[in-house]
Amino acid sequence: MSAAYGYTGDSDVQLEVVVEKGISTPGLESAELAAAKRVLAFLKGKIGGEEIQSLLADDIAQANEYWHQLLSNSTNTWIPVQAQAKAIVDPTILNSQSFQQWMDTAGVGYPNDLIAGHPEIYFEEEPSNVIQSWGGGPITQFSHDPVPHQPFFLELPGWNVTAEVSQTLRDNTTFSYAVSAIKDEADGFGLYFAVYLPSSAHQNRIEGLRSYLTVECTNWLKYAYRHAIAQD
-12 MSAAYGYTGD SDVQLEVVVE KGISTPGLES AELAAAKRVL AFLKGKIGGE
38 EIQSLLADDI AQANEYWHQL LSNSTNTWIP VQAQAKAIVD PTILNSQSFQ
88 QWMDTAGVGY PNDLIAGHPE IYFEEEPSNV IQSWGGGPIT QFSHDPVPHQ
138 PFFLELPGWN VTAEVSQTLR DNTTFSYAVS AIKDEADGFG LYFAVYLPSS
188 AHQNRIEGLR SYLTVECTNW LKYAYRHAIA QD
């Protein structure tokens, strides 16, 4: 059976590709994504964490300038960017407690399942050394540092808050805050992430971060499930 998909470039001219032999169109996209993930993991492993940090040094310096400028324009006010996903799953295989246990160990080694959560995680050595970009934003090196509940954090009734942290540049400047939470439900459990950006952040940065968090959230649920069934 043939399948077709189209592509429209910058002009009004449209390309239609008909797959006459091979895998279906949805399967084609999945195969490309799986291959991209394999290549990224392979390259990150070959390069190594220390060399990744050296390669990105100039980009990180530019990111520091970006965040300092954004903070100066925001007068210490913050905007939440949120993502939430639900895992519908047999609790004897994966539940909120076993997911948290997976999170505690998934960051061991380089690369690892936490890094695999999103292509824009270049390095992650929790909690003190993280290098990420969010939806094409600046490549930033930072640490996660626990903080008291901030007055601008959204209330999360019914959720078990698992982390409230500042995200801190290497010069000890807090450029954002992050909150994570988990909630048991009758047919599974929910996972919630929020990052609080300086309020002068442009809309493209907000949308890029929202996309980033959604991908990371869903991938970590899938990787935790994969780990759980591998233990049986």
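Using my numbering, the letters of the sequence shown correspond one by one to residues -12 to 219. Where is the CB? At the ideal position from N, CA and C, for every residue including glycine.
Worksheet item: Which residue's Cα is closest to the Cα of L20: K31, P106, W89 and V5?
Response: Taking the sequence shown and counting its residues from 1, one reaches residue 20 at position 33. Measuring from the Cα of L20, the nearest candidate turns out to be P106.
Worksheet item: Are S83 and F180 closer than 8 Å when you measure CB to CB?
Response: Residue 83 sits at position 96 when you count from the first residue of the sequence shown. Residue 180 sits at position 193 when you count from the first residue of the sequence shown. Their beta carbons are not under 8 Å apart, which means S83 does not touch F180 by this criterion.
Worksheet item: If you scan the stretch 22 to 89 from start to end, which runs of the beta strand (DSSP E) of 3 or more residues do you find wholly inside it?
Response: If you keep only unbroken beta strand (DSSP E) runs of at least 3 residues inside the stretch 22 to 89, you get 65 to 75.
Worksheet item: For Y183, does the three-state DSSP call read helix, strand or coil?
Response: Counted from its first residue, the sequence shown places residue 183 at position 196. The three-state reading of DSSP puts Y183 in strand, counting E and B together.
Discussion item. With a threshold of 6 Å on Cβ separation, who are the neighbours of K31 within its own chain once the five nearest residues in sequence on each side are excluded?
Written reply: Taking the sequence shown and counting its residues from 1, one reaches residue 31 at position 44. Excluding sequence positions up to five before and after K31, its CB lies within less than 6 Å of the CB of P98, all in the same chain and listed in chain order.
Worksheet entry | Rounded straight-line distance, which links the Cα of L57 to that of L141 | Within the sequence shown, residue 141 is the residue found at index 154, counting from 1. Within the sequence shown, residue 57 is the residue found at index 70, counting from 1. Going by the C-alpha atoms only, they are around 22 Å apart.
Worksheet item: Near Q113, what residues of its chain come up, given a Cβ to Cβ distance below 8 Å and the 5 sequence neighbours on each side ignored?
Response: As a working mapping, residue 113 is identified with position 126 in the sequence shown. Gln is not the amino acid found at residue 113; the sequence shown has Glu there. Contacts found: G94, L101 and H131.
Discussion item. To the nearest angstrom, how far is the alpha carbon of R25 from that of Q218?
Written reply: Mapped onto the sequence shown, residue 25 falls at position 38. Mapped onto the sequence shown, residue 218 falls at position 231. Note on geometry: alpha-carbon atoms of R25 and Q218 lie some 22 Å from one another.
Item to complete: Whole angstroms is fine: what's the gap from V4's alpha carbon to G14's?
Response: One-based indexing of the sequence shown puts residue 4 at position 17. One-based indexing of the sequence shown puts residue 14 at position 27. Distance from the CA of V4 to the CA of G14, rounded to the nearest whole angstrom, comes to 15 Å.
Worksheet item: Can you tell me whether DSSP reads I118 as helix, strand or coil?
Response: For the purposes of this step, residue 118 is taken as the residue at position 131 of the sequence shown. Reduced to three states, the DSSP call for I118 is strand.
Practice prompt. Please work out which residues of its chain come closer than 7 Å, Cβ to Cβ, to T149, disregarding the five sequence neighbours upstream and downstream, and give them in chain order.
Written response: The sequence position of residue 149 within the sequence shown is 162, counting from 1. Result list for T149: Q87, S167, A168 and I169, in chain order.
Item to complete: State the start and end residues of the unbroken alpha helix (DSSP H) segment that holds H131.
Response: Residue mapping note: residue 131 aligns to position 144 of the sequence shown, counting from 1. The continuous stretches of alpha helix (DSSP H) do not include H131, which lies in the beta strand (DSSP E) extending over residues T127 to P133.
Discussion item. Beta-carbon within less than 7 Å of E111's beta-carbon, same chain only, minus the 5 sequence neighbours each way: which residues are those?
Written reply: On the sequence shown, position 124 is the one that residue 111 refers to. Closer than 7 Å at Cβ, skipping near neighbours: G94, L101, I102 and V117.
Worksheet item: What three-state label does DSSP hand E203 in the structure shown?
Response: Mapped onto the sequence shown, residue 203 falls at position 216. In this structure, DSSP gives E203 a helical state, which the three-state scheme calls helix.
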